[in-house]
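Under this note's numbering, the first residue of the sequence shown is numbered 1, with each subsequent residue one higher. Glycine included, C-beta positions come from ideal geometry on N, C-alpha and C. One structure is given here, and the rest of the page talks about it.
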Amino acid sequence: MDAIPSARTKVIACATVIEEMQPLMPADMQRQVLDFGLHLRPGELTKALQAAIDQSTDADLILLGYGQCSRAVIGLKASHATLVVPRVDDCIAIFLGSRSAYQTQASKEPGTYYLTKGWIEVGDSPFEEYRRLSERYGEQKALRMIRLMLKNYTRLAFINTGAYELERYREYARQTAERFGLRFEEIEGAPSLVHKLLFGPWDDEIIVCPPGQTITYEMFAPPSTTGA
């Protein structure tokens, strides 16, 4: 299914995913960015997303820059617009370009902590968490706490999506890995899923909900089983 180029389109995305979308978005495309911290409270994220959808009365096509995100998008509905969302569990698959690319990485090395520019910018990284804990508990206790949090991780993977200048973020990721005893690796991402969300084709990697239809958990089943 192709995108609808004549539609009044609006993007609603989290602060990390919008970093990957903006280089590809037309300048006049409406966009609304929601606080990344809402991911920690999926119920609140659902409410914020539904409120943003309900307020977007001038759009007839709403593109959601989210994955399933702990079921936060489940139950969303627009009475006036078509909702479009990637068929992925979380944004790591968006950054890597597909669900299958994420599955490949997860199978290769499950103990991986992923970083992108967006996560670094919003302060969602072990190093930023260490700073926050240090202010509260002191450096030594904070370091022990972070190492405990990361005990099941062996690799820090910096995802290079090619969407922005990298060096500052690459170096930050490298230093974070070194500080916390993780092996640093830069892995190739891809803008393909973001491009597909924005411009089509909306194939089995994309969920399309017509006006009045509710996003359900079953819609996120892998493409090979959606027809079962």
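T161 and I187 have their C-alpha atoms spaced approximately 9 Å apart. DSSP places T112 inside the beta strand (DSSP E), whose first and last residues are T112 to L115.
Here the alpha carbons of K196 and V85 stand approximately 10 Å from one another. Under a 10 Å Cβ-count criterion, Q105 is classified as buried, with 16 or more other Cβ atoms of the shown protein chains found around its own Cβ.
At least 8 Å separates the beta-carbon of F36 from that of D90.
In this structure, G97 sits near A190, with a CB-CB distance shorter than 8 Å. In chain order, I12, L34, L64, Y66, A72, V73 and L76 place their CB closer than 8 Å to the CB of L49, counting only its own chain and leaving out the 5 sequence neighbours on each side. Take the alpha-carbon of I159 and the one of E165: they are about 13 Å apart.
Counted as a single uninterrupted DSSP element, the stretch harbouring T214 is not any alpha helix (DSSP H), since DSSP gives it neither H nor E. Bridge pairing for G138: absent [DSSP]. Here DSSP, grouped into helix, strand and coil, assigns Q32 to strand. Checking the DSSP bridge columns, you'll see L24 has no partner listed. In this structure, the beta-carbon distance from E20 to V194 falls below 8 Å. Going by C-alpha positions, I207 is about 46 Å away from G138.
Under the three-state reduction of DSSP, I159 is assigned to strand. Look at G65 here: in three-state DSSP terms it is strand. The beta carbons of A81 and P211 sit closer together than 8 Å.
In the displayed model, I206 falls within a strand according to three-state DSSP. About 6 Å separates the Cβ atoms of V17 and I94, confirming a contact at the 8 Å cut-off.
In this structure, Q32 sits near A52, with a CB-CB distance shorter than 8 Å. For T46, the uninterrupted alpha helix (DSSP H) run begins and ends at P42 to Q55, by DSSP. A27 counts as exposed, since fewer than 16 other beta carbons sit within 10 angstroms of its beta carbon.
In this structure, R155 sits near T112, with a CB-CB distance shorter than 8 Å.
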